[in-house]
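Novice: Numbering (full-length UniProt numbering), first residue to last: 1 to 207. Glycine included, each C-beta is placed from N, C-alpha and C at the ideal position. It should be emphasised that the depicted structure is a prediction, and the values quoted were computed from it without experimental measurement.
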């Protein structure tokens with residue numbers, strides 16, 4: 001029948017065109033995100049096969065990195081230059097210091113330091129020599145200069161007794177009650193919200 005032989009326009013759409021259109025729809029929800037969200041988006045090469053040198057922010061490493069963009073699709077975590085990527089996404093020290101410790105895949109043994117946001121301290125670790133992120137410092141002093149927290153942040157840290165079994169009388173600032181309170185410290189581990197006297201706790205964190 002003539003009706004059966006009639007070819008509708010949508011029958012002519014190729015698989016590749018269908019794929020590209022669905023891909024466009026799938027990433028369209030990313031397009032209106034604020035900058036902070038844009039920088040957390042994944043790297044997307046896209047379905048096309050061009051080879052444009054672009055840059056994206058890698059939230060795992062805390063760095064802007066180069067990648068090859070296919071020319072269509074993708075998302076806003078896609079910058080023409082390294083400088084534009086850094087201007088949009090490069091983290092201030094406060095964010096760098098919240099990155100996790102990353103030894104990296106290589107097997108060298110470089111003594112380095114990272115800021116442990118759980119303990120509020122700069123701590124030593126062995127860096128493998130490649131990969132990793134910006135929470136990695138050559139010296140303890142450089143780590144402290146970049147990440148050592150002001151009193152306001154120290155006072156927001158939780159009370160930590162520590163894994164050891166001594167019994168030292170200490171004081172910590174309880175941000176829920178707004179008061180310095182006594183606790184028993186085990187003698188190792190812990191964080192900076194740990195004061196030898198009630199007076200020192202009050203001087204640092206208030207009452």
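Use the C-beta contact count for residue 199: other C-beta atoms within 10 angstroms, 16 or more gives buried, fewer gives exposed.
Specialist: Residue 199 should be labelled exposed.
Novice: With a cut-off of 8 Å on the beta carbons, I'd call residue 208 and residue 180 a contact; round off their distance for me.
Specialist: Residue numbering for the chain in the displayed model covers 1 to 207; residue 208 lies beyond these limits and cannot be assessed.
Novice: For residue 116, which residues does DSSP report across the bridge?
Specialist: Paired residue(s): 121.
Novice: If you scan the UniProt domain "BPTI/Kunitz inhibitor" (155-205) from start to end, which runs of the beta strand (DSSP E) of 3 or more residues do you find wholly inside it?
Specialist: With a minimum length of 3 residues, the continuous beta strand (DSSP E) runs that stay inside the UniProt domain "BPTI/Kunitz inhibitor" (155-205) are 168-174 and 179-185.
Novice: Taking only beta-carbon atoms, is residue 160 less than 9 Å away from chain D?
Specialist: The chain inventory of the structure shown lacks chain D, comprising one protein chain alone.
Novice: Does the beta-carbon of residue 106 have 16 or more other beta-carbons within 10 angstroms, so that it is buried, or is it exposed?
Specialist: By the neighbour-count rule (16 or more Cβ atoms within 10 Å), residue 106 is not buried but exposed.
Novice: DSSP three-state call for residue 21: helix, strand or coil?
Specialist: With a pLDDT of 42 at residue 21, under the threshold of 50, the modelled position of this residue cannot be trusted, and the question is left open.
Novice: Secondary structure at residue 61, three-state DSSP: helix, strand or coil?
Specialist: Residue 61: coil per DSSP, three-state reduction.
Novice: Applying the criterion that 16 or more other CB atoms from any shown protein chain within 10 Å of the CB defines a buried residue, is residue 207 buried or exposed?
Specialist: Exposed.
Novice: Taking its Cβ as the centre, do 16 or more other Cβ atoms sit within 10 Å of residue 72, making it buried, or is it exposed?
Specialist: Residue 72 is exposed by the Cβ-count criterion.
Novice: To the nearest angstrom, report how far apart residue 131 and residue 61 are at their CA atoms.
Specialist: Whole-angstrom Cα-Cα distance: 8 Å.
Novice: Measure the C-alpha to C-alpha separation of residue 67 and residue 164 and round it to an integer number of angstroms.
Specialist: Approximately 48 Å, taken between the alpha carbons.
Novice: Just tell me which of 148, 135, 103 and 140 has its CA closest to the CA of residue 126.
Specialist: Taking only the C-alpha atoms, the option nearest residue 126 is 103.
Novice: Taking the alpha carbon of residue 174 as the point to measure from, which residue in 166, 148 and 205 has its own alpha carbon closest?
Specialist: Measuring from the Cα of residue 174, the nearest candidate turns out to be 205.
Novice: Go ahead and pull the three-state DSSP assignment for residue 54.
Specialist: Strand, per DSSP.
Novice: Can you tell me which of 134, 161 and 124 puts its alpha carbon nearest to the alpha carbon of residue 63?
Specialist: Ranking the options by Cα distance to residue 63, first place goes to 134.
Novice: So, residue 161 versus residue 185, is the Cβ gap smaller than 9 Å?
Specialist: Yes, Cβ-Cβ distance for residue 161 and residue 185 is below 9 Å.
Novice: Taking DSSP as the reference, what is the three-state secondary structure of residue 100?
Specialist: In this structure, residue 100 counts as coil in the three-state DSSP scheme.
Novice: Identify which residue in 96, 76, 157 and 110 has its Cα closest to the Cα of residue 147.
Specialist: Checking every option, the nearest Cα to that of residue 147 belongs to 96.
Novice: Take the Cβ of residue 176 as the centre, count every other Cβ of all protein chains shown within 10 Å, and call the residue buried at 16 or more, exposed below.
Specialist: So residue 176 ends up on the exposed side.
Novice: Using the beta-carbon count (16 or more within 10 Å), is residue 194 buried or exposed?
Specialist: Result: buried.
Novice: By the DSSP assignment, the alpha helix (DSSP H) with residue 84 in it spans what residues?
Specialist: Where residue 84 is concerned, the enclosing alpha helix (DSSP H) stretches over 82-89.
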